[in-house]
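Data block below; observations after.
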Ligand SMILES: Cc1cc2nc3c(=O)[nH]c(=O)nc-3n(C[C@H](O)[C@H](O)[C@H](O)COP(=O)(O)OP(=O)(O)OC[C@H]3O[C@@H](n4cnc5c(N)ncnc54)[C@H](O)[C@@H]3O)c2cc1C
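Residue numbers (the numbering used here): 1027 to 1505.
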């Protein structure tokens, strides 16, 4: 069976990979000239890489780890010490650590929390621990019910002091969805905490050993093409063409860079686009269907990823850091954390700037200047007094509509991978799966989508109209 998939982010590539494993022929059509979507990266004139986002892999990412194992690239995940490291707000330049001992969950998490006395007082730890009991006992059903509350509301309901937000959860909400605890759904935070408390290595973090398009996406493409599938860049989906019976009869691909526009036909069709561009492409006839109309409530959140190259080493820390500063979320010195970006003499900081709604329209110079102001607090020894660190180069990557904004009520709006249209399916981190908007969610959504297509084929739901001719034959250049 031929399956046309629009979008070569992790969801589209994962869907194509699992379809090809099942003996089908996926044809992946990506609008841009780079693989990876929100994990895309580019090289500047000096050969330095810059990325859409600083990306962390967690031990709890079972589907992602399975994918790495299946591609035989597990050695590309650089696992760090089992810790969470926060900048100290009142003590610039110092850190507070949660260190998880090597004992089973949830005891390692409890020990990590009890062992940290910098951030939370004992009464705060106890009230917070009691608040988490329902989540631990009732699991996912409780976590889903809590989607009616923001994280700040959830804390209030459990009489947990607001200070716990200031100390820990502003940083965590910004890391999870680039927004503050007043906005983020408590389901998001509880989902993460639940995984961390139930899986011994759930909160352990890894960095990819290099740029994601080559080190993660390309092996997936190689796997797909070795099994007869195709992956095409510069192939934007412009229109979902419908047959008279309401099914999809083709993906109309735009003609860019001198190429002619084309229609790709297949037996089944997948949108692995982010939710925002998908909404713009929905055929008029579909907009009345609740499955599609509820997508109106899912909207991408802005975020900015900043890369700063310095004339010296600012830190030796080989880990993710939670900045706990007003404009920044998490950051890392990639010259320590990532093999391909390694530099023993100079730091390259990659920093996530969030919430970004008031900054996404500002100039790169303004954003870099504001970031440098915050770095004075994070690295006072290098940005005050004589012999201060010098910024050699900065690159700012803005994503005005990134992952969907996980405000309360969104869980009910997230669509299943199987749509009401018999030969049309959805993949993407916003589609329903238990990992929310993340790389893990994207990979899992792709596999669930491939499975849904297999089920639809076996039940005869997908018409037996076997399409002929490959995308390459239709004039598209393969990757
Ligand atoms: C700054 C930042 C930091 C992040 N940090 C983390 C992290 O630490 N850990 C984590 O797990 N997740 C993180 N994420 C989230 C993670 O990157 C995403 O959840 C995931 O990559 C989304 O994958 P996707 O395939 O669903 O969507 P996307 O990656 O958005 O892929 C969609 C693809 O569709 C393509 N497309 C769009 N329109 C068309 C069209 N008309 N025709 C054809 N193709 C089209 C796009 O170009 C893109 O390639 C981060 C995201 C950002 C932005």
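Every residue gets a Cβ at the ideal spot worked out from N, C-alpha and C, and that includes glycine.
Alpha carbon to alpha carbon, how far is residue j from residue i? Give it in angstroms, no decimals.
i, j, result
"residue 1306", "residue 1149", "50 Å"
"residue 1094", "residue 1436", "30 Å"
"residue 1461", "residue 1217", "8 Å"
"residue 1246", "residue 1040", "8 Å"
"residue 1301", "residue 1320", "11 Å"
"residue 1289", "residue 1030", "11 Å"
"residue 1443", "residue 1422", "34 Å"
"residue 1332", "residue 1374", "10 Å"
"residue 1215", "residue 1135", "15 Å"
"residue 1195", "residue 1207", "7 Å"
"residue 1330", "residue 1377", "8 Å"
"residue 1083", "residue 1062", "15 Å"
"residue 1067", "residue 1258", "17 Å"
"residue 1238", "residue 1185", "42 Å"
"residue 1379", "residue 1341", "20 Å"
"residue 1501", "residue 1413", "Residue placement at residue 1501 is poorly supported in this model, since its pLDDT is 47, which falls under 50; the coordinates are not used for a value here."
"residue 1211", "residue 1351", "21 Å"
"residue 1002", "residue 1088", "A query on residue 1002 cannot be resolved here, the shown segment of the chain reaching from 1027 to 1505 and no further."
"residue 1188", "residue 1318", "38 Å"
"residue 1393", "residue 1337", "20 Å"
"residue 1478", "residue 1438", "20 Å"
"residue 1465", "residue 1178", "26 Å"
"residue 1190", "residue 1146", "7 Å"
"residue 1137", "residue 1153", "16 Å"
"residue 1155", "residue 1182", "14 Å"
"residue 1429", "residue 1325", "8 Å"
"residue 1057", "residue 1282", "9 Å"
"residue 1310", "residue 1457", "21 Å"
"residue 1297", "residue 1485", "21 Å"
"residue 1508", "residue 1198", "Within the shown structure, residues of the chain are numbered from 1027 to 1505, placing residue 1508 beyond reach of any answer."
Which first and last residues belong to the beta strand (DSSP E) in which residue i is found?
i, result
"residue 1510", "Since the first residue of the chain shown is 1027 and the last is 1505, residue 1510 is not available in this structure."
"residue 1052", "1051-1055"
"residue 1113", "1109-1113"
"residue 1204", "Looking at the DSSP string, residue 1204 is not in any beta strand (DSSP E), and its letter there is neither H nor E."
"residue 1076", "1075-1077"
"residue 1029", "1028-1032"
"residue 1195", "Looking at the DSSP string, residue 1195 is not in any beta strand (DSSP E), and its letter there is neither H nor E."
"residue 1069", "1067-1069"
"residue 1125", "1121-1125"
"residue 1452", "1450-1452"
Pop quiz: residue i and residue j are said to be a contact at Cβ under 8 Å. What is the actual Cβ separation, rounded to whole angstroms?
i, j, result
"residue 1080", "residue 1356", "6 Å"
"residue 1033", "residue 1219", "Wrong, their Cβ atoms sit about 30 Å apart, outside the cutoff."
"residue 1260", "residue 1059", "5 Å"
"residue 1463", "residue 1348", "Their Cβ separation, rounded to whole angstroms, is 19 Å, which puts residue 1463 and residue 1348 out of contact at 8 Å."
"residue 1409", "residue 1402", "4 Å"
"residue 1069", "residue 1363", "Their Cβ separation, rounded to whole angstroms, is 19 Å, which puts residue 1069 and residue 1363 out of contact at 8 Å."
"residue 1294", "residue 1449", "5 Å"
"residue 1176", "residue 1434", "6 Å"
"residue 1334", "residue 1417", "6 Å"
"residue 1106", "residue 1344", "6 Å"
"residue 1400", "residue 1353", "6 Å"
Between residue i and ligand 3, is the CB less than 6 Å from at least one heavy atom?
i, result
"residue 1178", "Here the bound small molecules are ligand 1; ligand 3 is not part of this structure."
Check for me: the alpha helix (DSSP H) holding residue i runs from which residue to which?
i, result
"residue 1092", "1088-1096"
"residue 1249", "1244-1252"
"residue 1177", "1177-1183"
"residue 1154", "1148-1157"
"residue 1233", "Per DSSP, residue 1233 belongs to no alpha helix (DSSP H); it is in the beta strand (DSSP E), 1231-1234."
"residue 1211", "Element bounds for residue 1211: n/a, residue is neither H nor E."
"residue 1133", "1133-1140"
"residue 1047", "1036-1047"
"residue 1104", "Taken as a continuous stretch (DSSP letters only), residue 1104 belongs to no alpha helix (DSSP H), being part of the beta strand (DSSP E) at 1103-1105."
"residue 1167", "1166-1171"
Problem - Segments assigned beta strand (DSSP E), at least 3 residues, entirely inside the segment 1316-1364 - result: 1329-1336, 1354-1359
Problem - Three CB pairs or more closer than 8 Å across the segment 1387-1399 and the segment 1110-1128 - result: no
Practice task
Could I get the ranges of all uninterrupted alpha helix (DSSP H) runs contained in the segment 1372-1434, with 4 residues as the minimum, in chain order?
Solution key: 1390-1404, 1406-1409
Handout entry: Segment contact, 8 Å Cβ cut-off, at least three pairs: the segment 1469-1481 with the segment 1040-1048
Key = yes
Practice task
Mind the definition here: the segment 1444-1460 touches the segment 1365-1380 only if three or more C-beta pairs lie below 8 Å; say whether that holds.
Solution key: Not touching, per the Cβ criterion.
Problem - Given 8 Å, three or more beta-carbon pairs between the segment 1116-1128 and the segment 1262-1274 - result: Too few Cβ pairs lie closer than 8 Å, so no.
Problem - Complete runs of the alpha helix (DSSP H) confined to the segment 1252-1314 [at least 4 residues] - result: 1301-1307
Problem - Unbroken stretches of the alpha helix (DSSP H), 4 residues or longer, contained in the segment 1461-1490 - result: For the segment 1461-1490, the full-length alpha helix (DSSP H) segments reaching 4 residues or more read 1465-1484 along the chain.
Handout entry: Any 3 or more C-beta pairs closer than 8 Å across the segment 1067-1081 and the segment 1122-1132
Key = no
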